[in-house]
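K.L.:
Whatever position you read off the first sequence (first residue = 1), add 45 for our numbering. Beta carbons are placed, not taken as given, at the ideal position from N, Cα and C, and that holds for glycine. Structure in structure tokens, see below.
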Amino acid sequence: MTPEDLAVAVRAALAGLVSSGELAIDVPDEIVIERAKVKEHGDYATPVALTLAKAAGQPPRQIAQMLADQLATTAGITRVDVAGPGFLNITVAADALGALAHSIVTAGPAYGTSQTLTGQNFNIEFISANPTGPLHLGHTRWAAVGDAIARVLAAAGADVAREFYINDRGVQMDRFGASVMAAAHGRPVPEDGYHGGYILDLAADIVAEVPGIRELPEGEQLEAFREEAYRRQLAQQQRVLDIFGTHFDVWYSERSLHSSGAVDRGMETLREHGHVFEEDDAVWLRTTDHGDDKDRVLIKSDGEMTYFASDTAYYVDKRVRGFTTALYLLGADHHGYVQRLKAVAACAGDDPDVNIEILIGQLVKITQGGAEVRLSKRSGTMVTLEDLVDEVGVDAARYSLIRYPVDSPLTLDLDLLVQRSNDNPVYYVQYAHARISSVLRNAAELGIDWREQDFQAGLLDHEREGELLRVLGEYPATVATAAELREPHRVPRYLEQVATAYHRFYDTCRVLPRGDEGISAQHVARLWLCAATRQVIANGLALSGVSAPERM
RNA sequence: GCCCCCGUAGCUCAGGGGAUAGAGCGGUGGCCUCCGGAGCCAUAGGCGCAGGUUCGAAUCCUGCCGGGGGCACCA
Numbered sequence: 046m047t048p049e050d051l052a053v054a055v056r057a058a059l060a061g062l063v064s065s066g067e068l069a070i071d072v073p074d075e076i077v078i079e080r081a082k083v084k085e086h087g088d089y090a091t092p093v094a095l096t097l098a099k100a101a102g103q104p105p106r107q108i109a110q111m112l113a114d115q116l117a118t119t120a121g122i123t124r125v126d127v128a129g130p131g132f133l134n135i136t137v138a139a140d141a142l143g144a145l146a147h148s149i150v151t152a153g154p155a156y157g158t159s160q161t162l163t164g165q166n167f168n169i170e171f172i173s174a175n176p177t178g179p180l181h182l183g184h185t186r187w188a189a190v191g192d193a194i195a196r197v198l199a200a201a202g203a204d205v206a207r208e209f210y211i212n213d214r215g216v217q218m219d220r221f222g223a224s225v226m227a228a229a230h231g232r233p234v235p236e237d238g239y240h241g242g243y244i245l246d247l248a249a250d251i252v253a254e255v256p257g258i259r260e261l262p263e264g265e266q267l268e269a270f271r272e273e274a275y276r277r278q279l280a281q282q283q284r285v286l287d288i289f290g291t292h293f294d295v296w297y298s299e300r301s302l303h304s305s306g307a308v309d310r311g312m313e314t315l316r317e318h319g320h321v322f323e324e325d326d327a328v329w330l331r332t333t334d335h336g337d338d339k340d341r342v343l344i345k346s347d348g349e350m351t352y353f354a355s356d357t358a359y360y361v362d363k364r365v366r367g368f369t370t371a372l373y374l375l376g377a378d379h380h381g382y383v384q385r386l387k388a389v390a391a392c393a394g395d396d397p398d399v400n401i402e403i404l405i406g407q408l409v410k411i412t413q414g415g416a417e418v419r420l421s422k423r424s425g426t427m428v429t430l431e432d433l434v435d436e437v438g439v440d441a442a443r444y445s446l447i448r449y450p451v452d453s454p455l456t457l458d459l460d461l462l463v464q465r466s467n468d469n470p471v472y473y474v475q476y477a478h479a480r481i482s483s484v485l486r487n488a489a490e491l492g493i494d495w496r497e498q499d500f501q502a503g504l505l506d507h508e509r510e511g512e513l514l515r516v517l518g519e520y521p522a523t524v525a526t527a528a529e530l531r532e533p534h535r536v537p538r539y540l541e542q543v544a545t546a547y548h549r550f551y552d553t554c555r556v557l558p559r560g561d562e563g564i565s566a567q568h569v570a571r572l573w574l575c576a577a578t579r580q581v582i583a584n585g586l587a588l589s590g591v592s593a594p595e596r597m
């Protein structure tokens, strides 16, 4: 008996009351079923009667009572009480609740997946850093969260492609090349260039690996340094992301957007829809037709394409490639792009509420020794993705970044994360997984083949067992909600509840036989519950790209 | 000036209209003769302010106060 099962039962009960004429309402699609917070409220509670009272024109307690009478006859439900202003408190039979342990183990990695987003084809673009330096902490947040969103969407049945847009065109690239070239000659880096220490490393590598590069003619040499540095820096970003466990399906070069003709095609699409005009010798997109606060330039009066022109073409190209939704994950410093990107979709003839979706992630701050560590790509004192991983490891880094909703600013205390202690909740969750793994190993050593034993769900009737089962039953809804709202932080937060419920269970419920005690059906039932818990933790950690260790 | 985000426990943060607002760290006090104490139990401590909507608001709306970020024929 899961919350979903109960929702079905409640809906059926409502439908029954409607058809018998006792209730005049439309049966709602969504029925709120909550896990009871205090044990006097049974196992589950629902406020449906309160919600429907006005529409039905009847007092909530009266509706609740009619529902209670109906539900009390439902198999698996042992008790239904009307409480307070009209809540329904439902108590479920131990065997109906305990059966969940078996179905979780049977479902395995599939437990928690659904088809709620089946048919949707997402292009999820994130990080999209310039290839002019290492990935810093802001990129790192998206490296973890973007990947987690992709995983959660896929778990909900959607098709997902992860895409990294390489900003390899424009003046920043030239500044980057000039910086490396200057460093290669031992000259100071230009004022508007990149000053990080990595520039010196790049210069040294290139000089060593490309003989004679410093003797090339000025213009040719600048280009050579730019391209060599670009290639190496991109490879470095790719290597770091690979270690981090975030794997992109497509690395899309801005240059290729131009060379493939996609920019021209995109421009043509916009013209067809009548939103392109010329003024002051420049070519504009009339984004104000669709909610932007000013029109945007596509081609400057000097004939140069703007970055915005690439962006529009890139969007159109994503749609041409067959994605139903282009999902953009941007930093808070780009929030001004939201309106114009939405307008681009509208100008291309799409529905901006359906075909394009933009998530804004607030900035990450990091403190060390009580002081903020600055994050400037050009300062040379930036904290990079690599730094973070070196110090705290991939699991702790990913977990602590995913654990918070992206629309709230985040401050990470490096001193705290550096400690490999339970200061970090990731260890708390992983520890629960390792602990269960140990119990199951011990069971195997004792020769207990619990999978082959008769599972008696009704034996899981201890309060702590019920508590744990109810938490485990919330996993599918947690994943589906995380996908629907693009809020992957819900999963780790949920796993922390699972870990707590497990530890509480384990603290009072002996799982394995003691000493020379024989194996009872209760031991077997509890082993099933342990295995189910471990499965949920493993599935949930996988959605965050965090490992589920058997030992720690 | 206009736009976006945030304000919840000493600290870092959860809480998509529901009953007594949670977690980790930090305080205080307990629990190891057998399955992992990286754990469990108890206790102290909080919704920035003022209105509004609602049977019910930390949650939705308005205003104010405080903090962060953004405005371009830059990328």
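I'd like the span of the beta strand (DSSP E) that includes N134, first residue to last.
P.N.:
The residue you call residue 134 lines up with position 89 of the first sequence. Looking at the DSSP string, the run of the beta strand (DSSP E) that includes N134 is 132-137.
K.L.:
Tell me, which residues are paired with K82 by DSSP?
P.N.:
As a working mapping, residue 82 is identified with position 37 in the first sequence. K82 is not bridged to any residue.
K.L.:
Mind checking who H184 pairs with in its DSSP beta bridge?
P.N.:
Along the first sequence, one-based indexing puts residue 184 at 139. In the DSSP output, where bridge partners are listed per residue, H184 has none listed.
K.L.:
Kindly list the residues whose CB is nearer than 8 Å to the CB of I405, restricted to its own chain and excluding five residues on each side of it in sequence; keep chain order.
P.N.:
On the first sequence, residue 405 is found 360 positions in, with the first residue counted as 1. Excluding positions up to five away in sequence, the list reads L375, G376, A377, H379, H380, V383, V451, D452.
K.L.:
Does the structure place the region 233-246 close enough to the region 324-336 that three or more beta carbon pairs sit under 8 Å?
P.N.:
no
K.L.:
Can you find at least 3 beta carbon pairs, one from the region 360-375 and one from the region 392-406, that sit closer than 8 Å?
P.N.:
yes
K.L.:
Only counting the same chain, and skipping five residues up and downstream in sequence, which positions put a Cβ closer than 8 Å to that of V77?
P.N.:
Taking the first sequence and counting its residues from 1, the one referred to as residue 77 is at position 32. Answer for V77: T91, P92, V93, T96, listed in chain order.
K.L.:
Out of curiosity, what's the CA-to-CA distance linking P454 and A587?
P.N.:
Numbered from 1 along the first sequence, position 409 holds the residue referred to as residue 454. Numbered from 1 along the first sequence, position 542 holds the residue referred to as residue 587. If I take the Cα positions, the gap works out to 25 Å.
K.L.:
Tell me the rounded alpha-carbon separation between D287 and H548.
P.N.:
As a first step, residue 287 is located in the first sequence; it is residue number 242 there, counting from the start. As a first step, residue 548 is located in the first sequence; it is residue number 503 there, counting from the start. Their Cα atoms are separated by approximately 34 Å.
K.L.:
Rounding to the nearest angstrom, what Cα-Cα distance links F132 and A120 in this structure?
P.N.:
Position 87 of the first sequence, counted from the first residue, corresponds to residue 132. Position 75 of the first sequence, counted from the first residue, corresponds to residue 120. Approximately 21 Å, taken between the alpha carbons.
K.L.:
Just the Cα atoms here: how many angstroms apart are H568 and E431?
P.N.:
As a position in the first sequence, residue 568 is number 523, starting the count at 1. As a position in the first sequence, residue 431 is number 386, starting the count at 1. Distance between the alpha carbons of H568 and E431: 46 Å.
K.L.:
By the three-class DSSP mapping on this structure, what secondary structure does L420 have?
P.N.:
As a position in the first sequence, residue 420 is number 375, starting the count at 1. Only weak support is given to the placement of L420: the predicted model assigns it a pLDDT of 46, under 50, and the question is left unresolved by the model.
K.L.:
What runs of the beta strand (DSSP E), each 3 residues or longer, lie entirely inside the region 293-380?
P.N.:
295-298, 321-324, 327-330, 341-344, 370-376
K.L.:
When we look at the beta-carbon of A525 and count the other beta-carbons within 10 Å, is it buried (16 or more) or exposed?
P.N.:
Translated into the one-based positions of the first sequence, residue 525 becomes position 480. Classification of A525: buried, given that the 10 Å Cβ count is 16 or more.
K.L.:
Would you call the region 79-89 and the region 550-559 touching, i.e. three or more CB-CB distances under 8 Å?
P.N.:
no
K.L.:
The beta strand (DSSP E) that contains N212, what's its start and end?
P.N.:
Stepping through the first sequence from its first residue, residue 212 is reached at position 167. Segment: none, N212 is in no beta strand (DSSP E) and carries neither H nor E.
K.L.:
Find the nearest neighbour of E529 within the set I194, A228, S173, S592, judged by alpha-carbon distance.
P.N.:
Translated into positions along the first sequence, residue 529 becomes position 484. Ranking the options by Cα distance to E529, first place goes to I194.
K.L.:
Would you mind giving the Cβ-Cβ distance between L540 and V474, rounded to the nearest angstrom? I have them listed as a contact below 8 Å.
P.N.:
Locating residue 540 in the first sequence gives position 495, where the first residue counts as 1. Locating residue 474 in the first sequence gives position 429, where the first residue counts as 1. Right, the Cβ-Cβ distance comes to about 5 Å (below 8 Å), so this counts as a contact.
K.L.:
Would the beta-carbon of L514 fall within 8 Å of that of A570?
P.N.:
For the purposes of this step, residue 514 is taken as residue 469 along the first sequence, with counting starting at 1. For the purposes of this step, residue 570 is taken as residue 525 along the first sequence, with counting starting at 1. Contact flag unset, no.
K.L.:
Rounded to the nearest angstrom, what separates L459 and A174 at their Cα positions?
P.N.:
Walking along the first sequence from the start, residue 459 turns up at place 414. Walking along the first sequence from the start, residue 174 turns up at place 129. Each residue's alpha carbon lies about 23 Å from the other.
K.L.:
Name the DSSP beta bridge partners of Y89, please?
P.N.:
Residue numbering aside, residue 89 sits at position 44 when the first sequence is read from its first letter. Answer by DSSP bridge pairing, in chain order: R80, I135.
K.L.:
On the criterion of 16 or more Cβ atoms from any shown chain inside 10 Å, does V295 qualify as buried, or is it exposed?
P.N.:
Looking up residue 295 in the first sequence gives position 250. Exposed: under 16 other Cβ atoms inside 10 Å.
K.L.:
Of all the alpha helix (DSSP H) runs that stay within the bounds of the region 474-562, which reach a length of 4 or more residues?
P.N.:
Within the region 474-562, the complete alpha helix (DSSP H) runs of at least 4 residues fall at 508-517, 520-530, 535-553.
K.L.:
Can you tell me whether G438 is helix, strand or coil according to DSSP?
P.N.:
Here residue 438 refers to the residue found at position 393 of the first sequence. Helix, per DSSP.
K.L.:
Nearest-angstrom Cα distance between A442 and V409?
P.N.:
Here residue 442 is taken as the residue at index 397 of the first sequence, counted from 1. Here residue 409 is taken as the residue at index 364 of the first sequence, counted from 1. Going by the C-alpha atoms only, they are around 13 Å apart.
K.L.:
Within the region 194-240, note down every full alpha helix (DSSP H) run reaching 4 residues or more, in order along the chain.
P.N.:
216-229
K.L.:
Per DSSP, what kind of secondary structure is G66 in: helix, strand or coil?
P.N.:
Within the first sequence, numbered from 1, the residue matching residue 66 stands at position 21. In the structure shown, G66 sits in coil (DSSP, three-state: anything other than H, G, I, E or B).
K.L.:
Can you tell me whether F322 is buried or exposed, with buried defined as 16 or more other CB within 10 angstroms of its CB?
P.N.:
Along the first sequence, one-based indexing puts residue 322 at 277. Counting Cβ neighbours within 10 Å, F322 comes out exposed, since fewer than 16 surround it.
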